[in-house]
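Trainee: Right, I'll just put the structure down here and ask away after.
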Amino acid sequence: MTLLEVNDLSIRYDVDDQSVHAVDGVTFSMDRGETYGLVGESGCGKTTLGKSLVHLLDANGRIDGGEIWLDATLPRWENEQGEPRREIIEDDQYPVREDGKTDLAQLDNEQIRDIRWRNIALIPQSAMNALNPVYKVGDQIIEAIRRHEPQTSVEEADERTRDLLERVGIDPDRADDYAHQFSGGMKQRAVIAMAMACNPDLLIADEPTTALDVIIQDRILDELEELQEEFDVSILVVSHDISVMAEICDQLAVMYGGKFMESGPKTEVFQQSSNPYTLGLKNSFPTVKEKQTDLVSIPGSPPTLLDPDPGCRFADRCPFEIEECGSSHPPMYDVSSAQDGQRVEADDAMTHRSACYRVDELETMRTEATKEETWQTTETH
Amino acid sequence: MSRISARYLGKRLVVSYITLLVIMTLLFALLRSMPGSFISSMITPQMQPEQIARMREVWGLNEPLWQQYIDFMINYQTGNFGMSPTYKEPVWDVIIRRLPRTLILFGASFIAAYIIGPLVGMYLGWLRGTRKDKSIFASSLVMYSMPSFWLAWLFIWLFNYNLGWFESTYMYTKFAEFDWTVLSTIVDVLNHITLPLLSLAFVGWVGSMLVMRPSMNNVTDADYVFLAQAKGLSERTVMIKHAARNALIPVATQAIVGLAFLLDGSVIIEQVFSWPGIGQLIVNSVAAQDYPATQASFFILAVLVITMRLLTDIAYTYLDPRIKFGEEQ
Amino acid sequence: MATKSERGSRLESMRERWEPRIDRIKRGWNRYTTHKMGVLGLIFLVIFALWGLFPELFAPHTPEWKAYIGYENTRMTGEQLRSLPHPPAFGDPFFAPLGTNASGEGIFTLLVFSASNALYIGLAAGLLSSLVGVPLGLISGFYGDTWIDETIQRIVDVMYGLPFLPFLVVLVAIRGVNTTNIILGIAITSWLNNCIVIRGETLSLKERAYVDSATVAGASDTRIVFRHIMPNVLPLAFVFLAQDAAAAILAQASLAYLGLADFTANSWGIMLENIQAQGYIYDAPWWLIPPGIAITAIAAAFYFIGFSMEDVTNPQKE
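Residue numbers (our numbering), protein chains in the order written: chain A, 1 to 381; chain B, 1001 to 1329; chain C, 2001 to 2318.
Below is the structure:
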């Protein structure tokens, strides 16, 4: 069952008179119970994409086009079974589809607040600082519960809060303590407990392992996996750390310059990488399993995205660039067809796709990419 | 109160007491260092040498200086302030009579200033960088720059002289025929306190705003504010309950100094409106060279400032839970 | 004797050291001028400075001038006296664009000639306050959490218990009412804030890496403080200087109102004290309003400049 369907989403930031195309025409889908990863370098747009789903962009950011279909709807549009009411679906002024999905991109400030936390919970980077220092930790969780389920009494909410803390491994009595009395790891888990308080459909984890040491990193990843089992929640992970993605994701998308370069089931994207950028990334991460090879880095730096040139965003740094790459950013081609030598645009957002004009020359690209000289002879312009 | 916060307050209490002792010493040194003697205003040309000698005896001026110092310290801490030549009564009585009046005016202006200041600071900090922010900020600096007595005159001129809405002298009506019920007394005092309060608050609110505004700026960038928004809370809830509540903490630090400035303002305003409080007392007794009264009113004002500071320290433990449990700032 | 090449390289190394600093000042100035508030403040300050330096150029008369009789040593007639204080007159019977006070002195003239007094007190008290507060703050912060810091902090703690204006009143009344005492008194109470904030900045700057590397390289303590920390703290000190100057001018005006002013000088505060003492508050708005506006303007100018500088050195995100 599809939970999230993003179609051709574009996000812009207005800076003085110009705009930064932070995210450009991105399309992907997520199933329920799945973990989807957005991976890429800093500035590639992955965090912006995650935040944009619930309109948590900076003041100068806005959705510039596209649709975000979520398999849920506003409380006031629901009937008793939690499905959108008939008249809501039929009435065109409400952004609700036949299959019950709501277009989050069309919601206004007030409406999106109902979706936040209740359906989609976003945990920011360094979640440890996300607890307000002047209120008790438990009270902050109660606040979340009563915001979205106002008919809950304080006692009920309090019980649920302690229960939640216990489920993430914190002594329920600690609900009466303040954030500074918690250890770093405990704070992280408290925030996760808070995120689960309203039983959201989707959890967005923004850089969950950044700024943590390797041991805690591992623990957090385990906890995310446990979360999924415990709470049956879908997770969208945003990170620049490929190894994290490798561990926990079911599906993966590689972003660059505000666009998707490659996406699909994790194993396929990793083991049968079909995009020059992905191939380049793989080279720059040491793996324990494969035999030691020299680290190869991609020369150059990411584009600024301020009124960008047409053409493939990666063209400048790509060793496989051809003339066609300058025309426009390539569409997402279906990789399995490409393996048969055909260049066909993918129609299913969940299959293995790659945005590269030379996707039909996979064998060549894959072999060449492992060689150091390929990357060193690239001239950046 | 937990064991640890009691220790914090205990320490603050000790420091406050020592501060008081040091200030008393300073006061003693200052008043004994002036040319002429302490009682020079009380000596009239007609006095006989024996009278003068006896007066010196009574005031302890024949004792060695260190003895005078000890007597002074003990006397003052037991409430013995001596006699006032101008009021012809124990200074203590004068002080006790006037203290509540100062407390009313000062207290009211403190409440007004520290409600308006943080509120405006909260809104300006939330709206940072916008034109509204800049223009209101500049206007408040102009208000802050006005001499309070001059402003008071303008208010009197407008509201009392021209419009006759409020009273401009004293604290309550002095006519014998006045009908003294509880309600009429309250209304009467309100009538008299309005203009002084307005003058004080007009300038006094800016101090706390100047701290709240940048504090709000800092807090708005914090992760917990972002998370509060992510939880779907309304903008007002995020701004007030999450951001402002944290931004208030540095305002307590400012209050330590801000209260003293408000007190300064009260001294001036008491003069302008002939408000019969301690501020008026100290100014008048300095002019009349009534040094017992001067000394005592300075002492009381210092006690007031130190007490306010202690109360602010207590407020800290409520504002910032991190203080409560051992992390002293 | 320095050879030509030695002199040349010395010049070059001096230029190397100063160029980035001049560049930074230029950039800071550019940013400053984007603040309309700061520019306005600067303009007013320049006007007042001009008034202070060349009062004869800007005032129609001098303070010795009196209405009707000018600079003569004669007396005014009873009728003339009764017309004082006189509202603004533009030639007939004399020239006084803002009128006169009860003694016949021109208000605008007095206004211009009092500017130097305000500037002097503001800057002197402000500088004195900085000269005490900044070094103490630097020392206290640099030797943070040692006995040096503790001592200074205790002193500050005690001084916070001192009621400012009452102290000034008693001090000036007892030690004599002259400008020096007033400046001293104001500086004594205002250095506290300076010290505390500079200490905070020093503490956080101390943590920076380059201070550690300078210590490792064997630099002495004073060298570290002066070469590395002070330049970064100086902009903040200027901000406080501006605020202290404004506060000092307002404090002096308050003291004048209370009758504790140096009456041999010309000041706006004294002009206001006079109108109150002579009882013309409600009758002579041309006398009442301009000195108050002048005080407000110069204090506001200092505050504008101070806060604009603060924004330049400590930019907040838009």
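All C-beta atoms in this analysis are idealised placements derived from N, C-alpha and C, irrespective of residue type, glycine included.
Between the Cα of residue 1075 of chain B and those of B/1062, B/1116, B/1021 and B/1053, spot the shortest distance and give me the residue it belongs to.
Mentor: Taking only the C-alpha atoms, the option nearest residue 1075 of chain B is B/1021.
Trainee: Looking at C-alpha atoms only, which residue of A/2, A/165, A/23 and A/362 is the closest neighbour of residue 61 of chain A?
Mentor: Ranking the options by Cα distance to residue 61 of chain A, first place goes to A/23.
Trainee: Would you list the residues sitting across from residue 123 of chain A in a DSSP beta bridge?
Mentor: For residue 123 of chain A, which the question treats as bridged, DSSP gives the partners A/205.
Trainee: Starting from the beta carbon of residue 2170 of chain C, find every residue of chain F whose beta carbon is closer than 9 Å, and list them in chain order.
Mentor: In the displayed structure, chain F is absent; the protein chains listed are A, B and C.
Trainee: Confirm, please, whether the CB-CB distance from residue 2192 of chain C to residue 2160 of chain C is below 9 Å.
Mentor: Yes; because the gap between Cβ atoms is below 9 Å, this pair is in contact.
Trainee: Between the segment 1217-1242 of chain B and chain A, which residues of the former have CB atoms less than 9 Å from a CB of the latter, in chain order?
Mentor: Under the 9 Å Cβ criterion, the segment 1217-1242 of chain B contributes 1222, 1223, 1224, 1225, 1226, 1227, 1228, 1229, 1230, 1231, 1232, 1233, 1234, 1235, 1237, 1241 and 1242.
Trainee: What runs of the alpha helix (DSSP H), each 4 residues or longer, lie entirely inside the segment 1119-1203 of chain B?
Mentor: You should have 1131-1144 and 1148-1155.
Trainee: Taking the alpha carbon of residue 268 of chain A as the reference point, which residue from A/1, A/141, A/8 and A/251 has its own alpha carbon closest?
Mentor: Looking at the Cα atoms, A/251 is the closest of the given residues.
Trainee: Enumerate in chain order the residues of its own chain whose CB-to-CB distance from residue 315 of chain A is below 8 Å, with the five nearest sequence positions on each side excluded.
Mentor: 321, 325 and 326.
Trainee: Please report how far the alpha carbon of residue 12 of chain A lies from the alpha carbon of residue 63 of chain A, in whole angstroms.
Mentor: Cα to Cα, residue 12 of chain A sits roughly 6 Å from residue 63 of chain A.
Trainee: Name the residues in the segment 2131-2163 of chain C whose C-beta lies less than 7 Å from a C-beta of chain B; which are they?
Mentor: So the close ones are 2157, 2158, 2160, 2161, 2162 and 2163.
Trainee: Measuring alpha carbon to alpha carbon, tell me which residue in A/54, A/59 and A/58 is nearest residue 67 of chain A.
Mentor: That would be A/54, whose Cα lies nearest to the Cα of residue 67 of chain A.
Trainee: Considering only residues of the same chain and omitting the five flanking positions on each side of residue 2311 of chain C, which have a CB-CB separation below 7 Å?
Mentor: The answer, listed in chain order, is 2035.
Trainee: Run through DSSP, which three-state label would residue 35 of chain A get?
Mentor: The answer is strand: DSSP assigns residue 35 of chain A an E or B state.
Trainee: Between which two residues does the alpha helix (DSSP H) containing residue 343 of chain A stretch?
Mentor: Note, residue 343 of chain A: premise wrong, no alpha helix (DSSP H); not H, not E.
Trainee: Distance, Cα to Cα, residue 1122 of chain B vs residue 2237 of chain C?
Mentor: In a straight line, the C-alpha of residue 1122 of chain B is about 26 Å away from that of residue 2237 of chain C.
Trainee: Which one or two residues does DSSP pair with residue 21 of chain A in a beta bridge?
Mentor: Looking at the DSSP assignment, residue 21 of chain A forms a beta bridge with A/12.
Trainee: Where does residue 199 of chain A land, buried or exposed, given buried means 16+ other C-beta within 10 angstroms?
Mentor: The residue is exposed, with fewer than 16 neighbouring Cβ atoms inside 10 Å.
Trainee: I need the DSSP call for residue 1326 of chain B, collapsed to helix, strand or coil.
Mentor: Because the pLDDT of residue 1326 of chain B is 44, which lies under 50, any placement of that residue in the model is unreliable, and the number read from its coordinates should be weighed accordingly. Note: residue 1326 of chain B maps to coil in three-state DSSP.
Trainee: Apart from the five residues on each side of it in sequence, which residues of its chain come closer than 6 Å, Cβ to Cβ, to residue 1016 of chain B?
Mentor: Cβ within range, chain order: 1306 and 1310.
Trainee: How far does the beta strand (DSSP E) with residue 2114 of chain C in it extend, from its first residue to its last?
Mentor: Segment: none, residue 2114 of chain C is in no beta strand (DSSP E) and carries neither H nor E.
Trainee: At a CB distance below 7 Å, what residues from the segment 1140-1167 of chain B approach chain C? Give them in sequence order.
Mentor: Hits within the stretch, in order: 1141, 1142, 1144, 1145, 1146, 1147, 1149, 1150, 1153, 1157 and 1161.
Trainee: Does residue 2155 of chain C come out as helix, strand or coil in the three-state DSSP assignment?
Mentor: Helix.
Trainee: Which residues in chain B have a C-beta closer than 9 Å to the C-beta of residue 126 of chain A? List them in chain order.
Mentor: The contacting residues are 1223.
Trainee: Can you look up residue 1261 of chain B in the DSSP assignment and give me helix, strand or coil?
Mentor: Note: residue 1261 of chain B maps to helix in three-state DSSP.
Trainee: Residue 1159 of chain B and residue 1166 of chain B look like a contact to me (Cβ under 8 Å); what is the Cβ gap, rounded to whole Å?
Mentor: Confirmed, Cβ separation roughly 5 Å.
Trainee: Determine, using beta carbons only, whether residue 2246 of chain C comes closer than 9 Å to chain B.
Mentor: Interface residue, yes.
Trainee: How many angstroms separate the CA atom of residue 2025 of chain C from the CA atom of residue 276 of chain A?
Mentor: Answer to the nearest angstrom: the Cα atoms are 47 Å apart.
Trainee: Tell me whether residue 2018 of chain C is buried or exposed, calling it buried when 16 or more other Cβ atoms sit within 10 Å of its Cβ.
Mentor: Classification for residue 2018 of chain C: exposed.
Trainee: Report the residue ranges of all beta strand (DSSP E) runs contained in full by the segment 229-316 of chain A; include only those spanning at least 3 residues, in chain order.
Mentor: Runs found: 234-239, 251-256 and 259-265.
Trainee: If you compare alpha carbons, which of B/1319, B/1313 and B/1285 is closest to residue 947 of chain B?
Mentor: Any property of residue 947 of chain B remains undetermined from this structure, which presents chain B solely from 1001 to 1329.
Trainee: DSSP three-state label for residue 69 of chain A, please.
Mentor: In this structure, residue 69 of chain A counts as strand in the three-state DSSP scheme.
Trainee: Would you kindly report the start and end of the unbroken alpha helix (DSSP H) that includes residue 2296 of chain C?
Mentor: Counting along the chain, the alpha helix (DSSP H) containing residue 2296 of chain C begins and ends at 2285-2313.
Trainee: Bridge partners for residue 4 of chain A per DSSP, in chain order?
Mentor: Beta-bridge pairing links residue 4 of chain A to A/30 and A/70.
Trainee: Can you list, in chain order, the residues of its chain whose CB lies under 7 Å from that of residue 1412 of chain B, leaving out five sequence neighbours each side?
Mentor: One cannot answer for residue 1412 of chain B here, as it falls past the ends of chain B, which runs 1001 to 1329.
Trainee: Does any residue of chain A bring its CB to less than 9 Å from the CB of residue 1007 of chain B?
Mentor: It does not; no Cβ of chain A falls within 9 Å.
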